[in-house]
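Residue numbers (the numbering used here): 956 to 1358.
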Ligand code: MG
């Protein structure tokens, strides 16, 4: 990359929480980045507004029904892509592809960016978790690399660079066993931290959406309240860094200032700290291996007096161990887990099941699922579909029983 040339960026999922914060970062670092493509599922008005400000070459929308309306409103000369494959198509346009799509729908974007040898700034953890071996194969493409945007994994990435030194992240597989003892992921504990299992039976949708430290989309916020988000992040850490499940621990840290840690073989713990602000991990992934010149979430030590840590309550929040179980089963089990969880969270947000039913439904889906080893995207899609169908059946049983 030529010095002084702007880094080209494709923002996929540009109208969501990650996408809009990525635009904040890009706008703050004037002249450093050039957005060449924007893509979203269906928010036409926001896409148009973003395109007028950023002037990308291409704009993609997954839902084809409003493509004409989009084309009409965009600045002249902007190419419009719509429908199946539109998001994937713009995922190869730039040096850095930000995948901020919500849920399993992000898989084609992850695969397209990696297969094109791009750097993937990955906020969509579901694609890596569900895609497992298929994503790993795409990751072997020359030039392809994943820089995690998920705050915990971004923290681990930063900490690992501290023990690997000048050799770079490519040296991780060779140095992991001799230098790294374990990865410790921190969890805020969500809005229900400290509550007993029986106190959680009647929590409402609004309660689950009231996250104490992070402002995020509804799906991930519910996942944070059940600790499924942390469970998915355990699988994500395994996939990203090749660390075994016995060497990934979770500790609850309510202030969300320590974003995660690595413990080295000599007993040292290296942590990354900052105030909760997703723009820092986004800027890290955009600027990597350099650093953003704009600070996001820098700590004012006069206003921070304590950092607390506690063990997660695995009985009140069974999703954490359900995810470990799926991770250890490997193969297509994480895809089934993820699909089942998306259905269960949807059913909860739709008022059809209780919050405490979410883990029961996901566990029931895994119990009834036969794990295989995925070698193709079709295998991953099958596993996701099975997870969804099994979870939907479990939801239906519960809804009928509740009448
Ligand atoms: Mg996270």
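By construction, the Cβ of each residue, glycine as well, lies at the ideal position given by its N, Cα and C atoms.
Give the C-beta separation of residue i and residue j to the nearest angstrom, bearing in mind that I take them to be a contact with Cβ-Cβ under 8 Å.
i	j	result
residue 1320	residue 1291	6 Å
residue 969	residue 1005	6 Å
residue 1146	residue 1180	6 Å
residue 1317	residue 1346	7 Å
residue 1306	residue 1160	7 Å
residue 1152	residue 1270	6 Å
residue 1042	residue 1035	No, residue 1042 and residue 1035 are not in contact; Cβ-Cβ is about 13 Å, not under 8 Å.
residue 1055	residue 971	5 Å
residue 1195	residue 1103	6 Å
residue 1353	residue 1308	6 Å
residue 1086	residue 1065	7 Å
residue 1139	residue 1310	The pair is not a contact, with the Cβ atoms about 27 Å apart (cut-off 8 Å).
residue 980	residue 1238	5 Å
residue 1350	residue 1062	So it is not a contact: roughly 23 Å between Cβ atoms.
residue 1089	residue 1331	7 Å
With the cut-off set at 8 Å, would you say residue i and residue j are in Cβ contact?
i	j	result
residue 1177	residue 1163	yes
residue 1083	residue 1217	no
residue 1148	residue 1205	no
residue 1169	residue 1211	yes
residue 1304	residue 1167	no
residue 1296	residue 1183	yes
residue 1124	residue 1137	no
residue 1053	residue 1111	no
residue 1033	residue 991	no
residue 931	residue 1249	Since the first residue of the chain shown is 956 and the last is 1358, residue 931 is not available in this structure.
residue 1000	residue 1293	no
residue 1141	residue 1260	no
residue 1022	residue 1037	yes
residue 1314	residue 1277	yes
residue 1025	residue 1002	yes
residue 1279	residue 1200	yes
residue 1329	residue 1263	no
residue 1341	residue 1220	no
residue 1128	residue 1197	yes
residue 1233	residue 973	yes
Span of the beta strand (DSSP E) holding residue i?
i	result
residue 1188	First-last for residue 1188: 1183-1196, but that is the alpha helix (DSSP H), not the beta strand (DSSP E).
residue 1204	1203-1207
residue 1214	1213-1219
residue 1103	1100-1103
residue 1227	1224-1228
residue 1037	1034-1037
residue 1074	1074-1077
residue 1150	First-last for residue 1150: undefined, no H or E at that position.
residue 914	No statement about residue 914 is possible, as the shown extent of the chain runs from 956 to 1358 and does not include it.
residue 1015	1013-1016
residue 1051	1051-1054
In the DSSP assignment, the alpha helix (DSSP H) including residue i goes from what residue to what residue?
i	result
residue 1133	1127-1134
residue 988	Here residue 988 belongs to no alpha helix (DSSP H); instead the beta strand (DSSP E) covers 988-995.
residue 941	With the chain covering only 956 through 1358, there is no way to say anything about residue 941.
residue 980	972-983
residue 1062	1062-1070
residue 1299	1288-1304
residue 1317	1312-1322
residue 999	999-1009
residue 1089	1080-1094
residue 1107	1106-1119
residue 1246	Where residue 1246 is concerned, there is no enclosing alpha helix (DSSP H), given that its DSSP letter is neither H nor E.
residue 1042	1041-1044
residue 1275	1274-1284
Can you pull every residue whose C-beta falls closer than 6 Å to some heavy atom of the ligand MG, listed in chain order?
The set of residues with CB atoms less than 6 Å from any heavy atom of the ligand MG reads, in chain order, 1105, 1106, 1107, 1188.
Is the stretch 1184-1196 touching the stretch 1104-1112 in the sense that three or more CB pairs, one from each, lie closer than 8 Å?
Yes, the stretch 1104-1112 touches the stretch 1184-1196.
For the stretch 1278-1288 against the stretch 1018-1029, are there 3 or more C-beta pairs whose distance is under 8 Å?
With the cut-off at 8 Å, the stretch 1278-1288 and the stretch 1018-1029 do not touch.
Taking one C-beta from the stretch 1037-1051 and one from the stretch 1064-1071 each time, how about it: are there three or more such pairs within less than 8 Å?
Yes, they touch.
The stretch 1084-1096 contacting the stretch 1219-1229, beta-carbon criterion three pairs below 8 Å
The stretch 1084-1096 is not in contact with the stretch 1219-1229.
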